[in-house]
Every structure is written in structure tokens, then in C-alpha cells.
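Take a look at the structure set out below.
Numbering (my numbering), first residue to last: 267 to 943.
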């Protein structure tokens, strides 16, 4: 009986059968083939490709499985089974010549699926790459060589890798870096009961010889294809007393270009963050901040922004925004931004220049170097870090207090650092009813190995006397304004070192006003008038002027002109103040202009150290005047008080003459140079 199909139809059916049979036979062969026989060949080829030992020591098998994504994410291709390669007990060695340990990584179970259709386009598409119980040891040597960089290909491969998701189930990662001095281990475990996170990890080790502990959570599946899918991250880490807590997402894992985190920081001093971040921050008391951290990592430049942060430093509040940039487009990392404070405690500024106590130094991780008999801070500046980055950060404080005394307000400065030169431009603030303005500059261009150059030019205008000395009761009835100028240059590596080698001039004047009579009487040792003033009350004495002019040579301040002129008395002050050894040698010679009852009129000496000043009266002059009184007492008791009564010249020193003697504005030589004589 003839066939109902034509010859052409039979050929077509046969061809179709072959097309169906060949894949079916291939599938049967693939499923039944003993893939363990291919392990030696596969180990050799992979070892050759990555230029290091590679071995699959356990079972190697191939199965066909559908992808396990949720129904909402599925497409028609997800219903097709894909070949799923499973390798057990996989080991990857270190490069040739690498010191122990010999292995870079081992995996208890390594599996991945391959999408077949993209193979036609020379694309290796892996929907899921899974690691079960991996153990990884990443190492970098002091010369920069590392064990995670594989042998580059001699020519570009025609194949492209499309890795979509990575799943990690338990494991350990050991990271050892001689450059950053990190040696830490992270243990990873699976979280089955947390819907937001899939894995948890704990951390332990050392960072710059400081203990590192902490832990965190992350998503179970890291999506490398769906870049808009947030990958959740959370961590709490403690490094050398600094606590770092982050919560947020990574939205472009393959390029690491979008990190969005809530960041909390706290620790004994912001300067301790330098070892962790490479960002140069000043010495501070204990701090705590919280803000919004975003990271944008590009091919030529990386940016980190800490925005809308608030917190406290010591007992002071801070808030603002900082941006940190680094990359090929910049010669050095750059820190910019603006920080504000509503109420700043003066004591919290001490660590900036090492002026805090030894106990405070220990709390912020600094050796207690301040000697007990010194006032000026001797803690060295960390100038070796000044070339680590450039900076342009503004800082403003509405009010600065020191135990409610001598309030400072409206502080305004810009911290500018360029190529190792640190400048405060400007440094202005309100104080004692007046304004202090300066143009300060420090430079890291070393005069010698252990010293930096520094320059300061400052002016004080309209400072009120009674506000300058709020705790001296007698000064509260005092009227008068202080105006002063200072110009100094120096070399040194601390505040004490700089002042101890400083050169320049200090000049000041108190404009016409009034001062407390009692204060002047006490300074002149006018015993009778002090008693009378105590009995009938204090009064104001007209202040004609006070003029000061100090020259500074290698830390030695010498009084060239220091006169206080009032309607009742004139006080001449002469001597030196040594900023190097912190010793004073001043002589005050009061001269009354009117009749004084029982006026001793002896010179007053101010000596000793800044820490322990000593005030004394010339005993020789007192003895002579007392001896004359005793001699007269033998003749006439009433006449005994005559040597102790001072009629005074009754003349006023001309303030115009004093100001003319003071000269022009103060000047200073370049750092390290002596002033002209």
C-alpha cells in the first residue's frame, strides 16, 4: 500500500526527528556521562588559565534544574531547565612562589547554572553562582603584590561573562594586608528567619595594631544584573575604640557606584579615624555623630558625602556636611564642606593644640607628655599627615563658653590646606564686647627635620576691660576698651615650641576711660587709701591711657614701653616674659599724682613661672622708708607718718607722647629669622 506522505514530506519529518533526537540524545549522554572522568583535564585547563593550582577533589556532576526565582520575576525562559554544574571540594592555590599558606580559597560545594541560548553569541550567561562553606584567604604584601589578581589573558577573549546573582552560604574570609596593616577574619552564616537579610557575619582581628571586632548582616542574594534592586547591608564595627555603625543599601554592586547608608560614628578622638579612612581630622575630645553617607565610585574619581550629620564633640554640638574626593583627577584627596556649632565649650578646643590635660590625652589615645610645671602645650603636631590630603572646610560657632566666663561668639574660620600648608583664613570671633581678627598660617615646609614654620598676624578691637576679667570683682566697675595688634613668626613642632622661638612685636592701647580706684590703690600699696576706700566705697578714676609695646626675640618678650596713666597715678612696667622657659621678670613702679596716706611706693616684682607666679615688694625700699618713720617717731610721733605721705608731682604723662613712642603696627620677620635691630 503506498505511503500517504510524499517523498518530500517524509524527508522533512526525518530531518525534524533528527533535530529532536540529537538534543535528546545529547541530554541523555550529558546526564549519564561520568563527569568525574573529566576532572583531570578540567583541573589542568583551569590551572593553566589562571596560572595557579586549581583542583576539584570531590564529585563533579551535571543536573538539569529550573531557576528558583519568584513568580513575579519569571519569564518563559525560567520554565526551561538549565544545565547545573556541581563541584565539591574545590581548591584554588596562590601564585607561584607565594609564601604559606599555599591555598587562596577552598569551597565545600560550588555550583552554577548556564543559560544555553547566549552561548550562540559567545556569551557565558550564569544566572546563579553559589558558594557553600567557602574558606578564602586574601593577602597583599608590603610591595603591593596580592594573591587575588589572576594572570591576564594574552589577547582579549571572544567570550563575555554575564554573572547575574551570587549566593553565599556560610564560610570564612581572612584578609591580610601589609599596606593597610589589616589582619582580620570574617565568619559568614546563613539567616533563615530574617526576611530582610539572608546572611550574617562576625569580624575579629587587627587594624593598625588595634583590635577590630564587629558584625553585620547582608542580603542572601547579590544581584549583579538587576542594578536597581537594592542590596541591603548593616554593620557594627569597633576599631581601637572607634564605633562605626551603618545601615543602608548598595544599588549598583557590579560597579560599586551607589552606596546609600545611615552612618553613626563615635570614638575617643576624630583623629583616630585617620588610620581607618585616610581622612585627616583634628584631635578632639570624645565624639559621636550620625548622618547620611553616600558613595559614588567612578573610573577616575571617587566621592564620599557625609551629609546632614549632627552630633557632639565633648560637650559641644556639631552639624554640617563634608565631602571627600580622591582619584586620578586630583593630586591628593580633597576634603571640603562646612561645619557649624551652636554652643562650643572652650575646653573642647584644647585637644586641637594639645592644651588638654594628660588624663584627656590618655582618653583620646595620646601619650601624656605635658610636664606638670609647664602651661604651654608641648604635644607635637602631626605634620607628617599634612601632605595626606588637601582641605577647604569652613567652621562657624555661634557661641563659645569657658565656664560661663569670657564668652566668645560668632567664630568664623576656614581651614585651608594645600600641598602641606595649613592656613586659617580668616580666624575671627567676638570676645569681651569686641572683635578679634587674624590671618594665621602654618606651613609644613620644614625648617629642619623636627620643626615647621608659622606666621600669625592678628588684631583685637574694642575689647571691654571688665568683660576680659569677669571674675575680678574690682574690675566690674571698670570702663575702657582694649585695642591691640600682634605679628609673630616662629619655628617649632608644638605650641610651646613655636612660642619659645617666636619673633615679632605686640602692641596695645587702652583708650580713654576709667578704672577702679581700689584696684590702683592695691597695686600701689597705698595702705591708708585702701582702708579708706574699703570704708567709704570704691570710685572710678579717669584712665588717660595704657600703652604697651613688646618686642619678641627668640621667645623672649621685652617691655619696650608699658605705661598705665590715670588721673591719680602712673605705673611704669618693665622687664621680660620668657615664652621658652615660661618665666617672668617684671617690675611695676607705681607713682601717685596726689596726696596718699601711708603710701609705701615700693616697686612690685612679678616673677616666677606661668604655672606659679610670685608677686613681691622691694623690701629694701620698704625698710628705708620704715626706718625714716621710726627715726622721726623718736622726735615727734605725729611726724612719723610724713615719709609715708606722698604729695606726688601732680602731672599727667601725655598720651600722645606715649602713642608716638609706640610707633607703627607690629611686624615680624619670616619664620626662623631674627628681627632687625
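Backbone N, C-alpha and C define an ideal beta-carbon position, used for all residues, glycine too.
Bridge partners of residue i, per DSSP?
i: residue 574; result: Answer is none; residue 574 lacks a bridge partner.
i: residue 606; result: 585, 662
i: residue 879; result: 874
i: residue 773; result: 751, 815
i: residue 829; result: 813, 838
i: residue 387; result: Paired residues: none, contrary to the question.
i: residue 723; result: 705, 753
i: residue 440; result: 403, 451
i: residue 416; result: BP columns for residue 416 are empty, so no partner.
i: residue 568; result: 563, 592
Is the Cβ of residue i closer than 7 Å to any Cβ of chain C?
i: residue 371; result: Of the protein chains in this structure there is only one, and it is not chain C.
How would you write the range of the beta strand (DSSP E) that residue i sits in, first residue to last?
i: residue 960; result: As shown, the chain starts at 267 and ends at 943. That puts residue 960 outside it, with no answer to give.
i: residue 500; result: 497 to 505
i: residue 598; result: First-last for residue 598: undefined, no H or E at that position.
i: residue 687; result: 687 to 697
i: residue 349; result: 348 to 359
i: residue 848; result: Element bounds for residue 848: n/a, residue is neither H nor E.
i: residue 472; result: 465 to 473
i: residue 373; result: 369 to 379
i: residue 476; result: 476 to 484
i: residue 939; result: From DSSP, residue 939 is part of no beta strand (DSSP E); its letter is neither H nor E.
i: residue 561; result: 553 to 563
i: residue 510; result: 508 to 516
i: residue 301; result: From DSSP, residue 301 is part of no beta strand (DSSP E); its letter is neither H nor E.
i: residue 327; result: 326 to 331
i: residue 530; result: 525 to 533
i: residue 322; result: 320 to 322
Go through its chain and collect everything with a Cβ distance to residue i's Cβ below 8 Å, but skip five positions before and after it.
i: residue 426; result: 388, 389, 390
i: residue 931; result: 751, 753, 773
i: residue 547; result: 536, 537, 539, 540
i: residue 509; result: 502, 503, 530, 531, 532, 533
i: residue 900; result: In this prediction, residue 900 has a pLDDT of 44, which is less than 50 and means its spatial position is unreliable; what the coordinates show is noted afterwards. Within the same chain, residue 900 has no close Cβ partners at all.
i: residue 386; result: none
Please list the terminal residues of the continuous alpha helix (DSSP H) segment that includes residue i.
i: residue 311; result: 305 to 316
i: residue 762; result: 761 to 766
i: residue 732; result: 731 to 734
Below 8 Å on the Cβ atoms is my guess for residue i versus residue j; work out the distance and round it to an integer in Å.
i: residue 630; j: residue 534; result: 4 Å
i: residue 621; j: residue 643; result: 4 Å
i: residue 823; j: residue 842; result: 6 Å
i: residue 821; j: residue 755; result: Not a contact, Cβ separation roughly 12 Å.
i: residue 382; j: residue 348; result: 7 Å
i: residue 970; j: residue 832; result: Outside the modelled stretch of the chain, which goes from 267 to 943, sits residue 970, for which no answer is possible.
i: residue 580; j: residue 551; result: 3 Å
i: residue 432; j: residue 450; result: Not a contact, Cβ separation roughly 21 Å.
i: residue 406; j: residue 361; result: So it is not a contact: roughly 12 Å between Cβ atoms.
i: residue 624; j: residue 634; result: 3 Å
i: residue 434; j: residue 465; result: 6 Å
To which residues of the same chain is residue i closer than 6 Å at the C-beta, ignoring the five residues directly before and after it?
i: residue 555; result: 531, 575, 577
i: residue 639; result: 877
i: residue 512; result: 501, 527, 529
i: residue 588; result: 572, 603
i: residue 694; result: 678, 703
i: residue 561; result: 525, 570
i: residue 354; result: 324, 325, 375
i: residue 812; result: 776, 830
i: residue 321; result: 309, 357
i: residue 373; result: 356, 397, 400
i: residue 675; result: 665, 696
i: residue 452; result: 439, 467, 469
Any heavy atom of the ligand FAD closer than 6 Å to the Cβ of residue i?
i: residue 631; result: No copy of the ligand FAD occurs in the structure displayed, which carries no ligand at all.
Sorted by chain position, which residues of the same chain lie with C-beta nearer than 7 Å to residue i's C-beta, five sequence neighbours on each side aside?
i: residue 699; result: 728, 729, 730, 733
i: residue 903; result: Bear in mind that the predicted position of residue 903 carries a pLDDT of just 40, short of 50, making it too unreliable to give a figure here.
i: residue 681; result: 657, 659, 661, 690
i: residue 936; result: 755
i: residue 760; result: 620, 643, 644, 645, 646, 647
i: residue 632; result: 645
i: residue 582; result: 607, 609, 610, 611, 614
i: residue 378; result: 351, 392, 394, 395, 396
Discussion item. Using 8 Å as the cut-off, can you tell me whether the segment 645 to 665 makes contact with the segment 594 to 610, which would need three or more C-beta pairs spanning the two stretches below that distance?
Written reply: With a cut-off of 8 Å, the segment 594 to 610 and the segment 645 to 665 count as touching, because enough Cβ pairs lie within range.
Worksheet entry | the segment 429 to 447 in contact with the segment 462 to 478 per 3-pair CB rule at 8 Å | Because the criterion of three Cβ pairs below 8 Å is met, the segment 429 to 447 and the segment 462 to 478 touch.
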